[in-house]
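Asker: Per this note's numbering, the sequence shown runs over residues 3 to 809.
Have a look at this one before I ask anything.
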Amino acid sequence: MLTKALPYLMRPTHYPVFSVLTKFYQHVLSLVFAVKEINENPKILSNVTLGFHIHDSYYNAMMTYRTTLELLFKSQKFVPNYKCDTRKNLFSVIGGLSSETSLYIADLIQFYKIPQLTYGSFAPKDIHSAAIPIYYSMVPNESSQYIGMIRLLQRFEWRWVGLFAIDNRHGEYFLQTMESLFSQHGICSACTQRIPYLTHWDNLSEMFHIGLIIYKHIADEKINTFIICGEALTIAWVINTIFTFDPRHEHSSLGKIWIMTAQMEYLLTGMNKKWDRQGLDGSIFFTIHSKDIPRFKEFLNFIKPPWIQEDGFFPLFWEQVFDCSLSAHTMTLPDSETCTGNERMKDIPRALFELEVSGHSYSIYNAVYVLAQALHAVSLLRSNHKHFLRHKLSEYEDSQPWQKGVHGASRQEANINKMEGGFDIINIAVFPNSTYQRVKVGTVNPDALKGKELAINVDMIVWNRVVPVSLCNDYCHSGYQKRKNEGKKFCCYDCVPCPKGKISKEMDMVACVQCPEDQYPNQEKNGCLLKRISFLSYEEPLGYNLACLAAFSSLTTTWMLGTFIKHKDSPIVKANNRDLTYILLISLLFCFLCPLLFIGQPRKVTCLLRQPAFGLTFSLSISCVLAKTILVSLAFKATKPGSRMRTWVGKRLALSIVLLCSLLQASICIVWLSTSPPFPELDMHSTTEEVVLQCNEGSVVMFYCVLSYMALLSLASFIVAFQARKLPDSFNEAKFITFSMLAFCSVWASFVPTYLSTRGKAMVAVEIFSILCSSGALLGCIFFPKCYIMVLRPDLNNREQLIKRFI
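Here you go:
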């Protein structure tokens with residue numbers, strides 16, 4: 003706390019104190035050094051000497067209020083609201099280390115419009131702004147610290163994080179802010195626990211209960227990362243909790259990562275020497291960005307007893323860090339050696355005191371200079387009367403002139419730290435002898451682009467064991483995806499295999515992704531394989547066998563045609579309409595050759611020809627069968643006396659039927675080819691592991707029109723043949739036609755559902771098999787019995803047998 007007076011230090015004596023937190027003594031020395039520099043600088047405040055009072059708040063509201071009142075009014079006597087010593091002119095207050103202390107001070111000094119600069123706590127969110135503010139924060143924006151923590155968690159993929167916060171207004175704000183940021187960035191709070199404030203530590207039963215809850219959270223194997231928001235002694239309380247419930251660290255803190263906020267300023271000194279600090283090895287904490295203060299280390303090395311007699315902190319500090327007794331000190335440590343006087347601060351172990359400037363000490367140093375600049379600005383205004391009159395006096399009606407100076411100067415100077423990076427990230431390495439080393443591993447820059455606020459060197463971080471994993475459950479490996487676990491937070495999920503056709507290459511994927519059209523998932527579903535091009539080729543067994551069957555059937559048909567031509571003058575050939583027999587055999591020959599258009603790589607020409615060729619040849623075959631059947635029926639009726647049907651029986655009728663039926667199918671095919679012809683295409687989706695090279699039929703309607711017309715001819719042939727099956731024709735041809743058409747219709751009736759239910763080359767094989775089977779049925783039922791007679795039983799192939807069978 004600064005006053006415009008001669009420099010001296012004092013300490014309230016309401017509570018007896020036998021030890022100090024040696025780390026915090028640097029705060030006192032940084033203030034002394036700053037005041038010393040300013041008083042020795044002739045360029046600033048040449049006619050003014052800065053002085054200061056330093057008081058201890060004891061983290062107690064009553065003591066803070068009393069000390070503040072003493073600072074405001076006490077001289078020889080304590081009379082509130084009266085200044086009994088006009089030489090004592092309080093200019094500003096620097097305080098305190100905790101947010102609660104700062105608020106207690108603000109409750110009183112705001113009525114006297116004395117500005118307060120805080121160095122260890124962030125500005126409260128509910129502080130009321132007056133016309134001229136009286137509360138200034140020397141620390142960076144608190145929100146950038148929270149964003150830095152989020153980026154740190156994201157960098158190491160820590161998503162299951164415990165939150166510990168001190169039980170006061172600032173701790174409540176911390177929890178609300180972090181919970182909101184967690185939900186925005188895919189992180190979950192594994193636990194949320196409030197740590198009692200220092201003034202509540204006297205309630206032992208409550209402390210034990212809360213300590214047990216915190217220990218259970220720390221011992222949880224899934225929670226490996228904890229963020230602690232509190233004051234300087236909060237971490238000491240947590241360490242005490244761990245030591246109480248798990249003195250050997252068998253189940254709790256080893257391997258855990260502790261992330262601490264800047265206002266805590268990591269504290270290992272002043273704690274019980276018996277405590278094992280190894281559990282804090284690898285911890286990370288945020289500090290206010292600081293820089294080396296020129297000549298500060300030389301100043302520290304200059305300090306030695308007796309130092310300044312009014313400094314009530316120094317004897318306690320000196321005796322504690324050197325474990326010796328100062329003879330002039332009334333509280334000499336029992337059974338300790340007397341200090342030699344040769345001790346120097348550079349020899350103090352780092353675990354007890356650090357020569358490097360801490361973030362809080364740097365903020366105090368800056369705060370003193372801000373106040374000095376403000377006072378200097380006011381002095382310049384008063385020295386130039388003309389310049390002072392140009393200012394509106396109304397701006398200063400409710401405040402003292404130096405308060406306006408503080409406002410202007412602090413606005414200009416207090417942003418130094420913010421522009422220099424905001425926060426530093428420090429990693430702690432604790433050694434077996436309880437000494438430790440601080441290493442700066444990164445920074446948080448609030449002015450950086452979004453997502454780039456954190457800069458960290460991972461290789462410099464020393465972990466307790468290995469880089470910890472802090473997740474509600476294990477990662478979902480490649481080939482798996484997350485599935486929400488009902489009733490739990492979104493960070494807790496189940497891992498399920500990717501669905502069919504999808505993969506996941508990375509860990510912890512929310513949803514599996516589809517492979518490209520020309521690829522398919524491998525067996526592990528963590529990668530895609532290139533699909534092979536598939537079509538019914540001659541090289542594979544199915545295609546080869548079907549081609550051989552088609553060739554054999556074609557040769558058989560050719561042999562039968564040759565046999566019929568050889569025995570063209572025999573009665574059995576003449577009796578069954580020789581011309582229709584030749585046409586039917588030739589059409590069946592082409593039917594057996596049609597499958598060769600379906601086998602092999604589909605090309606534009608083959609796709610264009612194969613379905614029309616199949617439709618035309620089969621229509622021609624069925625037309626011949628229909629003509630044969632009609633002729634058998636008419637021939638029987640023409641034999642009756644007086645029948646006029648004889649004029650219809652002859653070649654002209656048979657050829658007319660064949661020509662008419664074939665032309666109708668040809669017309670359908672011509673319309674099909676001219677409007678929407680078939681073409682080759684790649685089917686990516688029919689099969690999983692293959693790209694099917696197939697023929698697209700162009701117009702499905704026209705394709706089924708061709709099939710429907712063939713079905714109509716087949717049905718007509720079957721009906722006519724069935725009615726004529728008992729007629730006494732020669733060699734029972736009507737019966738054979740009936741059997742052939744029954745087989746033919748059965749094949750194509752089963753073809754349609756089978757064809758529709760298959761994909762790829764199986765579909766082509768179904769159509770080829772149907773063509774061969776139906777053609778074979780016609781060939782076998784109609785022509786095989788006649789060839790049998792002509793080749794093996796020529797004795798039956800004579801006119802007498804023909805007349806005898808007919809009669």
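Glycine residues also receive a C-beta, built at the ideal position from the N, C-alpha and C atoms.
Everything numeric in this text was worked out from a predicted model, so none of it was measured.
For a minimum of 3 consecutive residues, which ranges assigned as the beta strand (DSSP E) are wholly contained in the stretch 431-495?
Answerer: DSSP runs (the beta strand (DSSP E)) wholly in the stretch 431-495: 438-446, 456-458 and 482-486.
Asker: Determine the burial state of Ile427: buried for a count of at least 16 other Cβ atoms within 10 Å of its Cβ, exposed for fewer.
Answerer: Along the sequence shown, one-based indexing puts residue 427 at 425. By the neighbour-count rule (16 or more Cβ atoms within 10 Å), Ile427 is buried.
Asker: Given this structure, state the Cα-to-Cα distance separating Asn429 from Ile463, to the nearest angstrom.
Answerer: Taking the sequence shown and counting its residues from 1, the one referred to as residue 429 is at position 427. Taking the sequence shown and counting its residues from 1, the one referred to as residue 463 is at position 461. Straight-line Cα distance between these residues: approximately 6 Å.
Asker: What three-state label does DSSP hand Thr677 in the structure shown?
Answerer: Here residue 677 corresponds to residue number 675 of the sequence shown, with the count starting at 1. Thr677 falls in the helix class under three-state DSSP.
Asker: By how many angstroms is the C-alpha of Ile46 removed from the C-alpha of Gly284?
Answerer: Indexing the sequence shown from 1 puts residue 284 at position 282. Indexing the sequence shown from 1 puts residue 46 at position 44. So the alpha carbons of these two residues sit roughly 45 Å apart.
Asker: State the DSSP-derived secondary structure class of Arg413, mapped to helix, strand or coil.
Answerer: The residue labelled residue 413 in the question sits at position 411 within the sequence shown. For Arg413, the predicted model reports a pLDDT of 38, less than 50, meaning its position is unreliable; a value from the coordinates is still stated below. In the structure shown, Arg413 sits in a helix (DSSP, three-state: H, G or I).
Asker: Under DSSP, the alpha helix (DSSP H) around Arg157 begins and ends at which residues?
Answerer: For the purposes of this step, residue 157 is identified with residue 155 of the sequence shown, where counting begins at 1. It spans Glu144 to Arg157 - the alpha helix (DSSP H) in which Arg157 sits, taken as one unbroken run.
Asker: Going by C-alpha to C-alpha distance, which of Ser104, Phe228, Val708 and Thr120 sits closest to Arg171?
Answerer: Position 169 of the sequence shown, counting from 1, holds the residue named residue 171. For Arg171, the nearest C-alpha among the options comes from Ser104.
Asker: Quick check: the Cα distance between Ala552 and Cys593, rounded to an integer number of angstroms?
Answerer: Indexing the sequence shown from 1 puts residue 552 at position 550. Indexing the sequence shown from 1 puts residue 593 at position 591. Distance between the alpha carbons of Ala552 and Cys593: 9 Å.
Asker: Taking 7 Å as the limit between beta carbons, can you name the residues of its chain near Pro188, skipping five residues before and five after?
Answerer: Counted from its first residue, the sequence shown places residue 188 at position 186. Reading off the sequence, residue 188 comes out as Gly, not Pro. The residues are Arg161.
Asker: Under a three-way DSSP split, which group does Lys218 fall into?
Answerer: For the purposes of this step, residue 218 is taken as the residue at position 216 of the sequence shown. Three-state result, Lys218: helix.
Asker: By the DSSP assignment, the beta strand (DSSP E) with Gly361 in it spans what residues?
Answerer: Position 359 of the sequence shown, counted from the start, is the residue given in the question as residue 361. In the DSSP assignment, Gly361 falls outside any beta strand (DSSP E) and lies within the alpha helix (DSSP H) extending over Gly361 to Ser385.
Asker: Evaluate Asn226 with the Cβ neighbour count: other Cβ atoms within 10 Å of its Cβ, from every protein chain shown; 16 or more gives buried, anything less gives exposed.
Answerer: By one-based count along the sequence shown, residue 226 stands at place 224. Flag for Asn226 reads buried.
Asker: Does the separation of the CB atoms of Cys747 and Leu717 fall below 8 Å?
Answerer: Along the sequence shown, one-based indexing puts residue 747 at 745. Along the sequence shown, one-based indexing puts residue 717 at 715. In contact: Cys747 and Leu717 (Cβ atoms closer than 8 Å).
Asker: Rounded to whole angstroms, what's the CA-CA distance from Gly410 to Trp465? Just pull it up for me.
Answerer: Position 408 of the sequence shown, counted from the first residue, corresponds to residue 410. Position 463 of the sequence shown, counted from the first residue, corresponds to residue 465. With a pLDDT of 41 at Gly410, under the threshold of 50, the modelled position of this residue cannot be trusted; read the value that follows with caution. So the alpha carbons of these two residues sit roughly 45 Å apart.
Asker: According to DSSP, what are the bridge partners of Pro523?
Answerer: In the sequence shown, residue 523 corresponds to position 521, counting from 1. Answer by DSSP bridge pairing, in chain order: Cys530.
Asker: Which residue wins for smallest C-alpha separation from Tyr148, given the options Pro523, Phe616, Gly424 and Thr631?
Answerer: Counted from its first residue, the sequence shown places residue 148 at position 146. For the residues Pro523, Phe616, Gly424 and Thr631, the minimum Cα distance to Tyr148 belongs to Gly424.
Asker: With 16 other CB atoms within 10 Å as the buried threshold, where does Gln725 fall?
Answerer: Here residue 725 is taken as the residue at index 723 of the sequence shown, counted from 1. Exposed, by the Cβ-count rule.
Asker: Please report the straight-line C-alpha distance between Gly213 and Thr243, rounded to a whole angstrom.
Answerer: For the purposes of this step, residue 213 is taken as the residue at position 211 of the sequence shown. For the purposes of this step, residue 243 is taken as the residue at position 241 of the sequence shown. Roughly 6 Å between the two C-alpha positions.
Asker: Could you work out which residue in Gln613, Glu39 and Asp496 is closest to Phe298 when comparing CA atoms only?
Answerer: As a first step, residue 298 must be located in the sequence shown, where it is residue number 296. Phe298 has its Cα closest to that of Glu39, out of Gln613, Glu39 and Asp496.
Asker: Decide if Ala416 is buried, meaning its Cβ has at least 16 other Cβ atoms within 10 Å, or exposed.
Answerer: Looking up residue 416 in the sequence shown gives position 414. The predicted position of Ala416 is uncertain, since its pLDDT is 40 and thus under 50; no value can be drawn from it.
Asker: Measure how close the beta-carbons of Val359 and Ser32 come, nearest whole angstrom, since I'm counting them as under 8 Å.
Answerer: Stepping through the sequence shown from its first residue, residue 359 is reached at position 357. Stepping through the sequence shown from its first residue, residue 32 is reached at position 30. About 7 Å; that satisfies the 8 Å criterion.
Asker: Could you say which of Ser207, Val469 and Tyr790 lies nearest to Val575 if we only look at CA atoms?
Answerer: As a working note, residue 575 is residue 573 in the sequence shown. It is Tyr790 whose Cα lies nearest to the Cα of Val575.
Asker: Over what stretch of residues does the alpha helix (DSSP H) that includes Tyr584 continue unbroken?
Answerer: The residue labelled residue 584 in the question sits at position 582 within the sequence shown. Residues Arg580 to Leu595.
Asker: In terms of residue numbering, what span does the alpha helix (DSSP H) encompassing Glu692 cover?
Answerer: Residue 692 sits at position 690 when you count from the first residue of the sequence shown. Per DSSP, Glu692 belongs to no alpha helix (DSSP H); it is in the beta strand (DSSP E), Glu692 to Asn698.
Asker: Under a Cβ-count criterion, where at least 16 other Cβ atoms within 10 Å of its own Cβ denotes burial, should Pro614 be classed as buried or exposed?
Answerer: Along the sequence shown, read from residue 1 onward, the residue named residue 614 stands at position 612. Buried is the call here.
Asker: Return the first residue and the last residue of the alpha helix (DSSP H) that Arg171 is part of.
Answerer: Within the sequence shown, numbered from 1, the residue matching residue 171 stands at position 169. Start and end: Arg171 to Gln186.
Asker: Taking the beta carbon of Ile513 as the centre, do at least 16 other beta carbons fall within 10 Å, making it buried, or is it exposed?
Answerer: Locating residue 513 in the sequence shown gives position 511, where the first residue counts as 1. The sequence given here places Ala at residue 513; Ile does not occur at that position. That one is exposed.
Asker: Quick check on Ile659: does DSSP put it in helix, strand or coil?
Answerer: Numbered from its first residue, the sequence shown carries residue 659 at position 657. Of the three classes helix, strand and coil, the one that applies to Ile659 here is helix, per DSSP.
Asker: According to DSSP, is Ile791 helix, strand or coil?
Answerer: Position 789 of the sequence shown, counted from the start, is the residue given in the question as residue 791. The answer is helix: DSSP assigns Ile791 an H, G or I state.
Asker: DSSP on Ala726, reduced to helix/strand/coil?
Answerer: Here residue 726 is taken as the residue at index 724 of the sequence shown, counted from 1. Residue state, collapsed to three classes: coil.
Asker: In the structure shown, what three-state DSSP assignment does Asp685 receive?
Answerer: For the purposes of this step, residue 685 is identified with residue 683 of the sequence shown, where counting begins at 1. Looking at Asp685 - three-state DSSP - the assignment turns out to be strand.
Asker: What does a CB cutoff of less than 8 Å around Asn799 pick up in its chain, not counting 5 residues either side in sequence?
Answerer: Indexing the sequence shown from 1 puts residue 799 at position 797. Cβ neighbours of Asn799 beyond the five flanking positions: His569, Ser572, Pro573, Ile574, Ile791 and Met792.
Asker: Excluding five sequence neighbours on each side, which residues of the same chain lie with their C-beta closer than 6 Å to the C-beta of Val694?
Answerer: Here residue 694 is taken as the residue at index 692 of the sequence shown, counted from 1. Result list for Val694: Ser536, Asp685, Ser688 and Gly762, in chain order.
Asker: Kindly give me the distance between the Cβ atoms of Cys193 and Phe492, rounded to whole angstroms, as I take these residues to be in contact under 8 Å.
Answerer: Position 191 of the sequence shown, counted from the start, is the residue given in the question as residue 193. Position 490 of the sequence shown, counted from the start, is the residue given in the question as residue 492. The pair is not a contact, with the Cβ atoms about 16 Å apart (cut-off 8 Å).
Asker: Where does Lys788 land, buried or exposed, given buried means 16+ other C-beta within 10 angstroms?
Answerer: One-based indexing of the sequence shown puts residue 788 at position 786. Answer is buried; the Cβ neighbour count reaches 16.
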